[in-house]
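**Student:** First to last, the protein sequences are chains A and B.
Just so it is clear: in the first sequence, position 151 is 151 by my numbering, and no numbers are missing.
Just so it is clear: in the second sequence, position 95 is 1095 by my numbering, and no numbers are missing.
Here a beta-carbon is modelled for each residue, glycine too, at the ideal position from N, C-alpha and C.
Model, not experiment: these values are computed from the prediction.
Would you mind keeping the following structure in view while I ask a few things?
There are 2 protein chains.
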Amino acid sequence: MSRAEPITALILETFRLNGALLSAGDRLVGHLGLTSARWQVLGAIAYAPQALAIAHIARNMGLTRQAVRRLVNEMVADGLLRLAANPHHRRARLVLMTKAGRAAYAAAMALQTPWAEALGQDLPPAEIDAARRVLLAMRVHLSPDNDTTPGDPDALDEHA
Amino acid sequence: MSRAEPITALILETFRLNGALLSAGDRLVGHLGLTSARWQVLGAIAYAPQALAIAHIARNMGLTRQAVRRLVNEMVADGLLRLAANPHHRRARLVLMTKAGRAAYAAAMALQTPWAEALGQDLPPAEIDAARRVLLAMRVHLSPDNDTTPGDPDALDEHA
DNA sequence: CTTTAATTGACAACATACTGTCAATTCGAC
DNA sequence: GTCGAATTGACAGTATGTTGTCAATTAAAG
C-alpha cells in the first residue's frame, strides 16, 4: 500500500542484524580478551598508515571521542594499547598497539576470515554487494555530509 | 582476494547504518517525548493482537526482559504506558498504552511514513527487498534458532 | 605578538542493553 | 496433589555510546 513498507521492513531487519552481529562478534573474540568494540578500535589503529590520536580514531570509526577515550583507557590498563608522546601535539598522545594488542588483533583476524566466509557461503557476492550499496545509499540519505567510505582515513573513494 | 571481503564490508556498513538510523529516529520523534527505543516498544504493543507482558514484548523485539522492563518502567512513569492485572498470570502484568501513549505513537507513525518514503525514493522496492532478504539470511545464519519473522507474536513456530 | 577560534583530552551524567542472580509464580511430569 | 522445571519480574553490576561542560593546547586572524 505504501512505498514506506519495504523500507520499514529493511530498517527493522537492520536493527536485528546489528544486534546479532555484535553478540556473535563478542562470542568470537571473547576468549582473546576482546569485545566487538575493542576489536574495532584495534582495526582502526591497524588500518591507519600512521599512529593516530584518540580524536582521530573516533572520527575514523564514526564514534565520539568520549566513547573511544573510555575504550582506549581500558585497553591501556589491560595492556593491549599504549600511549606515546606526539611530537606534533603535546596534549594529543598517539595510541599504539602493544605486542599483546597486535597478537590479539592477529588472532581475531584469523578467526574472522573463516567466520565471514561461512556467513556468506550461501549468498552470491553480487547480492552481498548489492545489499551493501542499498544500505550505503540509505545512510548517505540520512547524513548527506558523510563521505561514502567513513572509517577509512585516507582512501576516500576506493577502499580497493 | 577472499570471499570474506564482501561480507566484511556489508557488516561494517550495517554497523554504520544502524547508528545513523537510531540517531535519525531520535531526532524524528524526540519532540514527542519518545526515543527510538521507546518508539519500538510502542510499536510492539500496537502490533500485537492482544495485550502482552514484559517478557513477551522482549521476545518479540529480540531484546532482553531487563532492557524492556526498564523502558516500560520509565514510560509508565511518563504516562505513556500503564500496567494492568493479567487474569492468566498474577505476576506478569499486561502492558497497555495510555491515551497519551496512543497519541504519541500515532504522531510518530504519521512522521515515519513520509520519512521512510523519502528515504527509499531513489531505491527500487525490489532492491530494498533483496537487501532485506540478504540481511535476514545473515541473521538466521548467526542464530539458527530464530524464526524468520521475529517481532511477529503469533507466527512463532513454537520453539518450545 | 595578541586575540580568537578550533581541536583535544578529561570528567560527569545519562540512555541503552547486556549478564548474572534471586524469589515468586506458573506449568508439566509423576 | 506434589515436586521440579520453566517463566517472570526485579535487582545489581557491567559494557557501550551519547551529550554537556571544562581547561589545555594548537592554529588562525589581526
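Between A1131/B and A131/A, is the Cβ-Cβ spacing less than 8 Å?
**Tutor:** For the purposes of this step, residue 1131/B is taken as the residue at position 131 of the second sequence. For the purposes of this step, residue 131/A is taken as the residue at position 131 of the first sequence. Contact: yes.
**Student:** List, in chain order, every chain A residue whose beta-carbon is nearer than 7 Å to that of H1141/B.
**Tutor:** In the second sequence, the residue the question calls residue 1141/B occupies position 141. Ordered by position in chain A, the residues that pass the 7 Å Cβ test against H1141/B are L119.
**Student:** With DSSP run on the structure shown, which of helix, strand or coil describes H1088/B?
**Tutor:** Taking the second sequence and counting its residues from 1, one reaches residue 1088/B at position 88. Note: H1088/B maps to coil in three-state DSSP.
**Student:** Measuring CB to CB, does I57/A end up less than 8 Å from M97/A?
**Tutor:** Within the first sequence, residue 57/A is the residue found at index 57, counting from 1. Within the first sequence, residue 97/A is the residue found at index 97, counting from 1. It is not a contact, given that the beta carbons lie outside the stated cut-off.
**Student:** What does DSSP give as the partner residue(s) for V95/A in the beta ladder?
**Tutor:** On the first sequence, residue 95/A is found 95 positions in, with the first residue counted as 1. In the DSSP output, where bridge partners are listed per residue, V95/A has L52/A, L83/A.
**Student:** Reducing DSSP to helix, strand and coil, say where T8/A ends up.
**Tutor:** Translated into positions along the first sequence, residue 8/A becomes position 8. Residue state, collapsed to three classes: helix.
**Student:** Just verifying my parser: in three-state terms, what is the DSSP assignment at G101/A?
**Tutor:** Residue mapping note: residue 101/A aligns to position 101 of the first sequence, counting from 1. Correct three-state label for G101/A: helix.
**Student:** For the candidate residues T1113/B, L1010/B, A1118/B, whose alpha-carbon lies nearest to that of M1138/B?
**Tutor:** Start at 1 with the first residue of the second sequence, and residue 1138/B comes out as number 138. It is L1010/B whose Cα lies nearest to the Cα of M1138/B.
**Student:** Below 8 Å, can you find three or more Cβ-Cβ pairs linking the stretch 1032 to 1047 of chain B to the stretch 1076 to 1095 of chain B?
**Tutor:** Verdict: yes, contact present.
**Student:** Exposed or buried, T14/A, counting other C-beta atoms within 10 Å across all chains shown (16 or more means buried)?
**Tutor:** Position 14 of the first sequence, counted from the first residue, corresponds to residue 14/A. It is buried - the Cβ of T14/A has at least 16 other Cβ atoms within 10 Å.
**Student:** On the three-state DSSP scale, how would you describe T113/A?
**Tutor:** Reading the first sequence from its first residue, position 113 is the one you call residue 113/A. It is helical.
**Student:** Excluding the five sequence neighbours on either side, which residues of its own chain have a C-beta within less than 8 Å of the C-beta of Q40/A, listed in chain order?
**Tutor:** In the first sequence, the residue the question calls residue 40/A occupies position 40. Same-chain partners within the cutoff: M61.
**Student:** Which residues, in order along the stretch 1124 to 1138 of chain B, keep a beta-carbon less than 8 Å from a beta-carbon of chain A?
**Tutor:** Correct list: P1125, E1127, I1128, D1129, A1130, A1131, R1132, V1134, L1135, L1136, A1137, M1138.
**Student:** Out of curiosity, what's the CA-to-CA distance linking A20/A and E127/A?
**Tutor:** Along the first sequence, read from residue 1 onward, the residue named residue 20/A stands at position 20. Along the first sequence, read from residue 1 onward, the residue named residue 127/A stands at position 127. Going by the C-alpha atoms only, they are around 20 Å apart.
**Student:** Check the Cβ of D26/A against every Cβ in chain B and list those closer than 7 Å, keeping chain order.
**Tutor:** Residue numbering aside, residue 26/A sits at position 26 when the first sequence is read from its first letter. Neighbours of D26/A on chain B: none; closest Cβ ~12 Å, over 7 Å.
**Student:** Please say whether A85/A and A1116/B have beta carbons closer to each other than 8 Å?
**Tutor:** Taking the second sequence and counting its residues from 1, the one referred to as residue 1116/B is at position 116. Taking the first sequence and counting its residues from 1, the one referred to as residue 85/A is at position 85. Not a contact, by the Cβ cut-off of 8 Å.
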